[in-house]
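Reading through the structure tokens given below for one structure.
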Amino acid sequence: PTEKPKYRIGFSQCSTTGSWRQAVVAGMERELSFHPEVQLRMLDAQDNSQRQQQQIRELLRGGLDLLIVSAYEAGPVTPAVQEAYRRGIPVVLLDRRITTQDYTAYVGGDNLEVGQAAATYAARLLHEQGSVLELLGAPGSSATAGRHQGFTQGLTAFPNMRLAAQVTGYWNAATLKRPLRLALQAHPEVSLIFAHNDNMGRAAQEVLRDLGRSKQVRIIGVDGVVLELVQQRVLTASLLYSPAGEDAIRLALKILNKQPYKRENKLSTIVIDSTNVLTMMQQREKILAQQTDIELQRGLLQTLRATYASQQTVLNGLLAT
Ligand code: FRU
1 PTEKPKYRIG FSQCSTTGSW RQAVVAGMER ELSFHPEVQL RMLDAQDNSQ RQQQQIRELL
61 RGGLDLLIVS AYEAGPVTPA VQEAYRRGIP VVLLDRRITT QDYTAYVGGD NLEVGQAAAT
121 YAARLLHEQG SVLELLGAPG SSATAGRHQG FTQGLTAFPN MRLAAQVTGY WNAATLKRPL
181 RLALQAHPEV SLIFAHNDNM GRAAQEVLRD LGRSKQVRII GVDGVVLELV QQRVLTASLL
241 YSPAGEDAIR LALKILNKQP YKRENKLSTI VIDSTNVLTM MQQREKILAQ QTDIELQRGL
301 LQTLRATYAS QQTVLNGLLA T
């Protein structure tokens, strides 16, 4: 039966490429499978703030009960989010923020904490002494600002750790390679790269290989979704940045159902390295297996319901005669 949805949630994603973004969507779908009364409409801005503004307005025109946004760049996307918020539509910010307080709640990782943890881990790896290169995301993304601030703050605790170079990678593995190669050539003393996400970290590894420096330079990334990168030592470590898709839907439903909720929901990070990556992989397998079980049981339940409904019809028919 095609029932009218009780709630229409719009999701404006800055991008859908990359494993992390896909994990966000997968998490949302998992949670939504328990809520057939909710309809989700997602639009992908493909890393373009102008397009994202248009898409938010398009979602508004289509009719919305709640808006979830992951803003490509905080500044340019803010006006469209404000429009929604000021019309009384609750707004949940997922992972990336806007520049004003015009939102209902935030859910996502703590980028300051991520940057600080990366600095502490880098210092431990280099025995508190050495030169590092920071590979940044897009300058306008709030995650870039937070990770950078946390990283530089974290490094100040180690006077012999030097931030020798910075390269803006724009979250883009293809375009960062050339500027990164030039920076590494100009800084032969660099022995560690902090990449603002694992995808850029992977690209950095390829650049190092081309330069014949993979053995000398270690890489730490952020996300922890593709655990194989750590397991295969492409990255020495990754700071977990929880995709928060499930959390965003749960938060949205609390807001819509007028239940109590927290405005700031920061998910904490952990370091994933060779000491715990196998445990993490096992846990991931377990969760996937449980998910398959849940789906199977839901299927069985549906069959039972259908059987019950048809038996009721038969019964009602019998009773009527
Ligand atoms: C994907 C991504 C993630 C990163 C997050 C930061 O678009 O770059 O890799 O952790 O966004 O907002």
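Under our numbering, the sequence shown has 249 at position 249, and the numbering climbs by one with no breaks.
Just so it is clear, CB atoms sit at the ideal spot from N, CA and C, and this is done for glycine as well.
Open item on the list: I'd like to check one pair, T99 with T78: are the Cβ atoms closer than 8 Å?
Closed with: For the purposes of this step, residue 78 is taken as the residue at position 78 of the sequence shown. For the purposes of this step, residue 99 is taken as the residue at position 99 of the sequence shown. For T78 and T99, yes; Cβs fall inside 8 Å.
Open item on the list: At a threshold of 7 Å, does S12 count as lining the ligand FRU (C-beta to nearest heavy atom)?
Closed with: Residue 12 sits at position 12 when you count from the first residue of the sequence shown. S12: no, Cβ never under 7 Å from the ligand FRU.
- [ ] Taking only the alpha-carbon atoms, compute the straight-line gap between R147 and T303 and give it to the nearest angstrom.
- [x] Residue numbering aside, residue 147 sits at position 147 when the sequence shown is read from its first letter. Residue numbering aside, residue 303 sits at position 303 when the sequence shown is read from its first letter. Their backbone Cα atoms lie some 49 Å apart in a straight line.
- [ ] Under the assumption that I220 contacts Y121 (Cβ atoms under 8 Å), give the Cβ distance between them as a whole number of angstroms.
- [x] Walking along the sequence shown from the start, residue 220 turns up at place 220. Walking along the sequence shown from the start, residue 121 turns up at place 121. About 6 Å separates the two Cβ atoms, so the contact holds.
TODO: Give, in chain order, every unbroken run of the alpha helix (DSSP H) that is at least 4 residues long and sits entirely within the region 223-299.
DONE: 228-231, 245-256
Task: Nearest residue (CA-CA) to S268, options Q290, Q116, R209 - done: Translated into the one-based positions of the sequence shown, residue 268 becomes position 268. The option with the nearest alpha carbon to S268 is Q116.
Open item on the list: Just checking R327 against the ligand FRU - is the residue's beta carbon closer than 7 Å to any of the ligand's heavy atoms?
Closed with: With the chain represented from 1 up to 321, any question about residue 327 goes unanswered, as that position is not in the structure.
- [ ] Tell me whether N265 is buried or exposed, calling it buried when 16 or more other Cβ atoms sit within 10 Å of its Cβ.
- [x] Numbered from its first residue, the sequence shown carries residue 265 at position 265. With 16 or more other Cβ atoms within 10 Å, it is buried.
- [ ] With distances taken Cα to Cα, identify the nearest neighbour of A143 among G10, A195, N160.
- [x] The residue labelled residue 143 in the question sits at position 143 within the sequence shown. Nearest of G10, A195, N160 to A143, Cα basis: A195.
Open item on the list: Is G137 a contact residue of the ligand FRU, with contact defined as CB to any heavy atom under 7 Å?
Closed with: Residue numbering aside, residue 137 sits at position 137 when the sequence shown is read from its first letter. Within the cutoff, so yes.
Open item on the list: Along the chain, where does the alpha helix (DSSP H) containing E134 start, and where does it finish?
Closed with: Taking the sequence shown and counting its residues from 1, the one referred to as residue 134 is at position 134. E134 -> not in any alpha helix (DSSP H); beta strand (DSSP E) instead, spanning 130-136.
- [ ] Please report the residue range of the beta strand (DSSP E) in which Y7 lies.
- [x] As a position in the sequence shown, residue 7 is number 7, starting the count at 1. First-last of the beta strand (DSSP E) with Y7: 7-13.
Task: Straight-line gap, N172 to V207 (C-alpha atoms, nearest Å) - done: To locate residue 172, count along the sequence shown from 1; it is residue 172. To locate residue 207, count along the sequence shown from 1; it is residue 207. Their backbone Cα atoms lie some 14 Å apart in a straight line.
Open item on the list: Let me check understanding here. Comparing Cα to Cα, which of G201, R162, Q39 lies closest to L176?
Closed with: On the sequence shown, residue 176 is found 176 positions in, with the first residue counted as 1. It is G201 whose Cα lies nearest to the Cα of L176.
TODO: Assign R97 to buried or exposed, taking buried as 16 or more other Cβ atoms, counted over all protein chains shown, within 10 Å of its Cβ.
DONE: Counting from one through the sequence shown, the residue named residue 97 turns up at place 97. By the neighbour-count rule (16 or more Cβ atoms within 10 Å), R97 is buried.
Open item on the list: Comparing C-alpha positions only, which one of D95, V271, G108, P260 sits nearest to T236?
Closed with: Residue 236 sits at position 236 when you count from the first residue of the sequence shown. Among D95, V271, G108, P260, the Cα nearest to that of T236 is on V271.
Open item on the list: Buried or exposed, going by whether 16 or more other CB atoms sit within 10 Å of the CB of I249?
Closed with: Here residue 249 refers to the residue found at position 249 when the sequence shown is read from its first residue. By the 10 Å Cβ count, I249 comes out buried.
Open item on the list: According to DSSP, simplified to helix, strand and coil, what is I98?
Closed with: As a position in the sequence shown, residue 98 is number 98, starting the count at 1. Note: I98 maps to coil in three-state DSSP.
- [ ] Please classify P1: is it buried, with 16 or more other beta-carbons within 10 angstroms of its beta-carbon, or exposed?
- [x] Start at 1 with the first residue of the sequence shown, and residue 1 comes out as number 1. Confidence in P1 is poor, its pLDDT being 49 and thus under 50, which makes the residue's placement too unreliable to answer from.
- [ ] Evaluate the contact criterion for the region 40-57 versus the region 105-115: three or more CB pairs, one atom per stretch, below 8 Å.
- [x] no
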